[in-house]
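Visitor: Chains as they are written, first to last, in numbering that gives the first Met the number 0: chain A, 0 to 401; chain B, 0 to 401.
Note that the Cβ used here is the ideal one computed from N, Cα and C, for glycine as well.
After the structure tokens below, expect a handful of questions from me.
Number of protein chains: 2
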Amino acid sequence: MASERLIEGLKGRVRELEAELERLKRRDLHHDTHRVKIEKMSAEVVDSNPYSRLMALKRMGIVEDYEKIRTFAVAVVGVGGVGSVTAEMLTRCGIGKLLLFDYDKVELANMNRLFFQPHQAGLSKVEAAEHTLRNINPDVQFEVHNYNITTIDNFQHFMDRISKGGLKADSPVDLVLSCVDNFEARMAINTACNELGQAWMESGVSENAVSGHIQLIKPGETACFACAPPLVVAANIDEKTLKREGVCAASLPTTMGVVAGILVQNVLKYLLNFGTVSFYLGYNAMQDFFPTMAMKPNPHCDDKYCRKQQEEYKLKESMKPKQETAVVAEEEEIVHEDNDWGIELVSEVSEEELKAASGPVPDLPEGITVAYTIPITEASSGVTVEESDHSLDELMAQMKSM
Amino acid sequence: MASERLIEGLKGRVRELEAELERLKRRDLHHDTHRVKIEKMSAEVVDSNPYSRLMALKRMGIVEDYEKIRTFAVAVVGVGGVGSVTAEMLTRCGIGKLLLFDYDKVELANMNRLFFQPHQAGLSKVEAAEHTLRNINPDVQFEVHNYNITTIDNFQHFMDRISKGGLKADSPVDLVLSCVDNFEARMAINTACNELGQAWMESGVSENAVSGHIQLIKPGETACFACAPPLVVAANIDEKTLKREGVCAASLPTTMGVVAGILVQNVLKYLLNFGTVSFYLGYNAMQDFFPTMAMKPNPHCDDKYCRKQQEEYKLKESMKPKQETAVVAEEEEIVHEDNDWGIELVSEVSEEELKAASGPVPDLPEGITVAYTIPITEASSGVTVEESDHSLDELMAQMKSM
Chain A
0 MASERLIEGL KGRVRELEAE LERLKRRDLH HDTHRVKIEK MSAEVVDSNP
50 YSRLMALKRM GIVEDYEKIR TFAVAVVGVG GVGSVTAEML TRCGIGKLLL
100 FDYDKVELAN MNRLFFQPHQ AGLSKVEAAE HTLRNINPDV QFEVHNYNIT
150 TIDNFQHFMD RISKGGLKAD SPVDLVLSCV DNFEARMAIN TACNELGQAW
200 MESGVSENAV SGHIQLIKPG ETACFACAPP LVVAANIDEK TLKREGVCAA
250 SLPTTMGVVA GILVQNVLKY LLNFGTVSFY LGYNAMQDFF PTMAMKPNPH
300 CDDKYCRKQQ EEYKLKESMK PKQETAVVAE EEEIVHEDND WGIELVSEVS
350 EEELKAASGP VPDLPEGITV AYTIPITEAS SGVTVEESDH SLDELMAQMK
400 SM
Chain B
0 MASERLIEGL KGRVRELEAE LERLKRRDLH HDTHRVKIEK MSAEVVDSNP
50 YSRLMALKRM GIVEDYEKIR TFAVAVVGVG GVGSVTAEML TRCGIGKLLL
100 FDYDKVELAN MNRLFFQPHQ AGLSKVEAAE HTLRNINPDV QFEVHNYNIT
150 TIDNFQHFMD RISKGGLKAD SPVDLVLSCV DNFEARMAIN TACNELGQAW
200 MESGVSENAV SGHIQLIKPG ETACFACAPP LVVAANIDEK TLKREGVCAA
250 SLPTTMGVVA GILVQNVLKY LLNFGTVSFY LGYNAMQDFF PTMAMKPNPH
300 CDDKYCRKQQ EEYKLKESMK PKQETAVVAE EEEIVHEDND WGIELVSEVS
350 EEELKAASGP VPDLPEGITV AYTIPITEAS SGVTVEESDH SLDELMAQMK
400 SM
């Protein structure tokens with residue numbers, strides 16, 4: 000009798016536990032339920048179609064062939080405040096493939112920017128991002144790399160993935176987006192893209208969180224990152240904001256969201272062929288000022304692959320019929336040998352550094368200035384960038400970070 | 000013996016189920032783990048501090064007193080493509096309280112914008128948003144209302160919450176943000192804010208997804224939404240993009256992200272007193288053009304509370320010492336009685352409507368134009384807005400949607 004009651008009791012307990020387990024699993028399933036994959040983008044206007052508002056761009060006369068978005072592969076280097084939002088926007092737009100590169104972990108200190116959530120703290124940024132993005136849009140292909148692209152081995156692997164990670168077998172990606180926060184990583188992307196002749200876009204946000212920019216770099220056609228000092232947006236704020244060693248950078252979800260938004264907008268215009276693609280677009284949040292410009296490459300660029308791409312571009316252009324001259328070729332030449340110092344002081348350059356500097360300062364539109372200038376050294380006084388032999392190492396030493 | 004084996008078997012099964020249950024519960028718990036509440040914002044530079052990058056704005060000289068953000072309550076009306084990102088940015092910035100108003104449900108068709116995820120399809124937007132936002136930042140207070148503010152009963156309740164939903168007992172909110180997608184809702188917010196003398200910001204994105212704007216409205220000081228035809232950004236694209244009845248609007252996460260970004264940036268500048276607060280900032284995504292302007296109120300505005308606020312503002316200004324005149328008062332008067340039609344055609348107004356229209360067209364800066372004009376009627380030919388008696392109902396009938 001006692002054992003029968005025990006058996007009944009245990010059986011009841013098993014039923015209870017099974018029911019509880021079933022309930023939890025259902026809830027869990029619901030939480031992870033993402034929509035099923037979609038074979039072909041539809042323009043049907045129904046609540047269940049995740050692409051209806053994008054396909055409407057065709058009917059509105061904005062984009063001729065929106066479905067083409069599925070044929071493109073984009074690499075996003077840096078999945079932080081700008082890169083994560085950039086990846087999310089591209090995912091929601093239905094990009095064909097995303098390659099994500101980062102070696103950082105999610106921290107609570109990142110919660111003042113969009114995308115990552117507190118429960119992801121401690122996870123690698125690329126893995127956390129992939130999980131969220133796959134749930135949002137399972138139609139996108141993901142390839143993630145949890146490493147620092149600037150080390151020798153990783154750089155080779157990075158080059159390999161850029162040149163062979165496209166949607167077709169062994170084809171290159173269609174675009175590389177730099178969403179990194181330091182000079183070394185930008186220079187690594189620049190080096191790789193010059194060698195591969197790979198178009199890329201650079202983005203950046205200032206240390207004081209109130210300015211940012213995006214820039215399209217087409218090797219041989221536009222200035223590369225090594226052609227001239229990087230351009231930044233003049234903040235028009237006083238000197239106490241100058242960057243100091245060891246000081247924690249400020250950041251805002253607003254500025255980073257705007258920079259990611261104008262970056263991905265430029266990507267869409269570039270890939271889907273609508274509107275005017277910006278070569279440089281700045282954002283000064285203090286005054287709501289958005290300067291634009293374009294910049295020709297420096298024929299004496301330190302990067303030999305940049306010089307090689309310039310030769311190839313010139314050759315290609317010379318073989319084209321006259322009316323097809325490129326947009327940038329029509330823009331004003333920006334590197335002048337005689338130039339005064341009538342530019343605005345920005346957070347990255349101190350007044351002393353500016354006064355002590357030699358070398359040309361590009362003739363820039365209002366609101367844009369250089370991130371640093373090249374100081375006078377014993378031999379190079381009066382020498383222009385074109386003629387100087389300042390190495391990237393020297394420039395890098397000057398740039399503590401961007 | 001048989002019953003003993005059965006008992007052992009059942010005991011084993013119970014242990015198995017309990018272990019499985021424990022595992023699932025732990026996972027579930029981890030998934031919902033959000034960070035603990037934080038009593039006081041700290042500037043300490045550690046990975047575990049979610050406010051370190053925001054508090055750095057003080058050290059960088061951008062914001063004098065960042066902690067003040069916790070004392071503000073902001074109402075967000077419309078939690079769609081712009082409103083949800085707006086609410087998320089404010090949440091991550093550590094705003095004191097958010098009041099969310101929307102009556103819509105999350106649909107898969109919303110997945111081309113940021114914020115909502117497929118597993119939330121079917122949930123009410125305000126409830127889904129509150130759940131996500133609380134997980135992101137438990138320090139923010141939330142008050143959500145799942146209703147349409149334009150019905151009579153709800154409008155009264157909305158007025159009540161705007162005037163009493165602030166952080167102190169029965170105090171008004173500090174700012175109302177309009178992130179709605181239709182004219183009626185904008186007009187309801189305008190009416191409420193005029194009566195209450197409540198500052199608000201309006202935002203909008205065009206039906207073709209490639210332009211948008213934000214606008215700060217201070218009753219009595221700047222033009223309200225009823226003072227003049229709403230301003231929109233000229234898209235400079237051809238006529239086939241004209242809005243047609245029943246056509247599904249296009250939308251892009253990029254344009255909506257940029258508009259949310261410049262909106263919340265303006266909110267931060269307004270509340271925390273830094274930079275220049277924009278009265279109107281437009282975004283033309285096709286050309287990367289961002290026009291700005293300011294507009295004085297119309298002394299003959301249809302809204303009696305707007306006229307009352309104007310009187311009060313004038314009285315207040317006249318009592319101030321001379322040097323303290325407001326920014327807007329220095330701007331050019333925009334409503335002219337004699338005005339030619341040299342403005343650009345935008346998607347909301349057809350060429351025929353424009354030609355058939357009478358009434359004044361504001362003298363607007365390049366890139367900004369009106370959303371509609373007032374057509375000639377039998378009696379009002381040659382009559383200006385100031386003198387016309389067109390009612391809001393008539394204007395609303397003209398505006399199918401914005």
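Beta strand (DSSP E) containing Phe100(B): first to last residue?
Guide: In the second sequence, counting from the first residue as 1, residue 100(B) sits at position 101. Looking at the DSSP string, the run of the beta strand (DSSP E) that includes Phe100(B) is Lys96 to Phe100.
Visitor: Name, please, each residue of chain B whose Cβ falls closer than 8 Å to the Cβ of Met40(A).
Guide: Counting from 1 along the first sequence, the entry for residue 40(A) is found at position 41. Ordered by position in chain B, no residue passes the 8 Å Cβ test against Met40(A), which lies about 11 Å from the chain.
Visitor: Chain B partners of Ile94(A), CB-CB under 7 Å?
Guide: In the first sequence, the residue the question calls residue 94(A) occupies position 95. The premise fails here: Ile94(A) is roughly 11 Å from chain B at the closest Cβ pair, so nothing lies under 7 Å.
Visitor: Using the C-alpha atoms, what's the distance from Leu132(B) back to Tyr312(A)?
Guide: If you number the first sequence from 1, residue 312(A) lands on position 313. If you number the second sequence from 1, residue 132(B) lands on position 133. C-alpha of Tyr312(A) to C-alpha of Leu132(B): approximately 50 Å in a straight line.
Visitor: Under 8 Å: do the region 246-264 of chain B and the region 257-269 of chain A share three or more Cβ pairs, one atom per stretch?
Guide: yes
Visitor: May I have the straight-line CA-CA distance separating Glu244(A) from Glu206(A), to the nearest angstrom?
Guide: Position 245 of the first sequence, counted from the first residue, corresponds to residue 244(A). Position 207 of the first sequence, counted from the first residue, corresponds to residue 206(A). Because the pLDDT of Glu244(A) is 48, which lies under 50, any placement of that residue in the model is unreliable, and the number read from its coordinates should be weighed accordingly. One Cα belongs to Glu244(A), the other to Glu206(A), and the distance between them is close to 11 Å.
Visitor: Which one of Gln140(B), Tyr279(B), Asn189(B) and Asn136(B) has the shortest CA to CA distance from Thr149(B)?
Guide: Numbered from 1 along the second sequence, position 150 holds the residue referred to as residue 149(B). Nearest Cα to Thr149(B) within the set Gln140(B), Tyr279(B), Asn189(B) and Asn136(B): Asn189(B).
Visitor: Compute the Euclidean distance between the alpha carbons of Cys305(A) and Ile161(B), then round it to the nearest angstrom.
Guide: Within the first sequence, the letter at position 306 stands for residue 305(A). Within the second sequence, the letter at position 162 stands for residue 161(B). Whole-angstrom Cα-Cα distance: 58 Å.
Visitor: Can you give me the start and stop residues for the alpha helix (DSSP H) that Glu87(B) sits inside?
Guide: As a first step, residue 87(B) is located in the second sequence; it is residue number 88 there, counting from the start. Its alpha helix (DSSP H) spans residues Gly82 to Cys92.
Visitor: Using a Cβ-Cβ cutoff of less than 6 Å, which residues in the same chain neighbour Asp270(B) once the five nearest sequence positions on both sides are dropped?
Guide: Translated into positions along the second sequence, residue 270(B) becomes position 271. For clarity, residue 270(B) is Leu in the given sequence; the question names Asp instead. Result list for Leu270(B): Phe71, in chain order.
Visitor: For Leu53(A), which of helix, strand or coil comes out of DSSP?
Guide: To locate residue 53(A), count along the first sequence from 1; it is residue 54. The answer is helix: DSSP assigns Leu53(A) an H, G or I state.
Visitor: So the alpha helix (DSSP H) Phe154(A) belongs to, where does it begin and stop?
Guide: For the purposes of this step, residue 154(A) is identified with residue 155 of the first sequence, where counting begins at 1. Where Phe154(A) is concerned, the enclosing alpha helix (DSSP H) stretches over Ile151 to Lys163.
Visitor: Name the DSSP bridge partner or partners of Ala140(B)?
Guide: The residue given as residue 140(B) occupies position 141 in the second sequence. Sequence check: residue 140(B) is Gln here, not Ala. Gln140(B) pairs with Lys96(B).
Visitor: Looking at the C-beta of Arg12(B), does it have a partner C-beta in chain A at a distance below 7 Å?
Guide: Against the second sequence, residue 12(B) aligns to sequence position 13. At least one chain A Cβ lies under 7 Å of Arg12(B).
Visitor: Apply the 10 Å Cβ neighbour rule to Arg52(A) and answer buried if 16 or more other Cβ atoms are within range, or exposed otherwise.
Guide: Numbered from its first residue, the first sequence carries residue 52(A) at position 53. Under this definition Arg52(A) is a buried residue.
Visitor: Where does Glu238(A) sit, in a helix, a strand or coil, going by DSSP?
Guide: For the purposes of this step, residue 238(A) is taken as the residue at position 239 of the first sequence. Residue placement at Glu238(A) is poorly supported in this model, since its pLDDT is 39, which falls under 50; the coordinates still yield a value, given next. Helix, per DSSP.
Visitor: Can you check which of these residues, Ser277(B), Asn272(B), Phe288(B) and Phe273(B), is closest to Val276(A) by C-alpha distance?
Guide: As a working note, residue 276(A) is residue 277 in the first sequence. Minimum Cα distance to Val276(A) is reached at Phe288(B).
Visitor: By the criterion of Cβ-Cβ separation under 8 Å, what are the contact partners of Tyr146(A) in chain B?
Guide: Position 147 of the first sequence holds residue 146(A). Ordered by position in chain B, no residue passes the 8 Å Cβ test against Tyr146(A), which lies about 20 Å from the chain.
Visitor: Would you list, in chain order, the members of the region 146-173 of chain B that have their beta-carbon closer than 8 Å to a beta-carbon of chain A?
Guide: none
Visitor: May I have the straight-line CA-CA distance separating Gln309(B) from Ser317(B), to the nearest angstrom?
Guide: Numbered from 1 along the second sequence, position 310 holds the residue referred to as residue 309(B). Numbered from 1 along the second sequence, position 318 holds the residue referred to as residue 317(B). Using only the alpha carbons, I get a separation of about 12 Å.
Visitor: Please check if any C-beta of chain A sits within less than 7 Å of the C-beta of Asp101(B).
Guide: Looking up residue 101(B) in the second sequence gives position 102. Asp101(B) does not count as touching chain A.
Visitor: Going straight from the alpha carbon of Gly164(B) to that of Gly164(A), what length do you get?
Guide: Within the second sequence, numbered from 1, the residue matching residue 164(B) stands at position 165. Within the first sequence, numbered from 1, the residue matching residue 164(A) stands at position 165. If I take the Cα positions, the gap works out to 53 Å.
Visitor: Below 8 Å on the Cβ atoms is my contact criterion, and I expect Ser250(A) with Ala184(A) to pass it. Report the Cβ-Cβ distance as a whole number of Å.
Guide: As a first step, residue 250(A) must be located in the first sequence, where it is residue number 251. As a first step, residue 184(A) must be located in the first sequence, where it is residue number 185. That belief does not hold up - the Cβ atoms of Ser250(A) and Ala184(A) are roughly 17 Å apart, past 8 Å.
Visitor: Given a threshold of 16 other Cβ atoms within 10 Å of its Cβ, counted over all protein chains shown, does Leu176(B) qualify as buried or as exposed?
Guide: Translated into the one-based positions of the second sequence, residue 176(B) becomes position 177. It counts as buried.
Visitor: Compute the beta-carbon to beta-carbon distance between Asn111(B) and Tyr50(A), rounded to the nearest angstrom, for a pair I have assumed lies under 8 Å.
Guide: By 1-based counting over the second sequence, the position of residue 111(B) is 112. By 1-based counting over the first sequence, the position of residue 50(A) is 51. Going by Cβ atoms, the distance from Asn111(B) to Tyr50(A) rounds to 7 Å, so yes, they are a contact pair.
Visitor: Quick check on Lys104(A): does DSSP put it in helix, strand or coil?
Guide: For this step, residue 104(A) is matched to residue 105 along the first sequence. Strand at Lys104(A).
Visitor: Could you name the residues that DSSP lists as bridge partners for Thr221(A)?
Guide: Counted from its first residue, the first sequence places residue 221(A) at position 222. Note: Thr221(A) sits in no beta bridge, so no partner.
Visitor: Can you find at least 3 beta carbon pairs, one from the region 141-157 of chain B and one from the region 38-47 of chain B, that sit closer than 8 Å?
Guide: no
Visitor: Exposed or buried, Glu347(A), counting other C-beta atoms within 10 Å across all chains shown (16 or more means buried)?
Guide: Translated into the one-based positions of the first sequence, residue 347(A) becomes position 348. Summary for Glu347(A): the model assigns pLDDT 37, below 50, so the residue's position carries little reliability, and this model does not support an answer.
Visitor: Taking just the CA atoms, how far does Thr254(B) sit from Gln214(B)?
Guide: Here residue 214(B) corresponds to residue number 215 of the second sequence, with the count starting at 1. Here residue 254(B) corresponds to residue number 255 of the second sequence, with the count starting at 1. Spanning the two alpha carbons is a distance of roughly 16 Å.
Visitor: Relative to chain B, which residues along the region 281-305 of chain A have a C-beta separation below 7 Å, given in chain order?
Guide: Going along the region 281-305 of chain A in chain order, one finds Ala284, Met285, Gln286, Asp287, Phe289 and Thr291 with a Cβ nearer than 7 Å to chain B.
Visitor: Below 7 Å between beta carbons: does that hold for Leu99(B) and Ala128(B)?
Guide: Here the question's residue 99(B) lines up with position 100 in the second sequence. Here the question's residue 128(B) lines up with position 129 in the second sequence. Cβ distance < 7 Å, so Leu99(B) and Ala128(B) count as in contact.
Visitor: Verify the CB distance criterion: does Asp46(B) have a CB-CB separation below 7 Å to chain A?
Guide: Indexing the second sequence from 1 puts residue 46(B) at position 47. So yes, Asp46(B) belongs to the interface.
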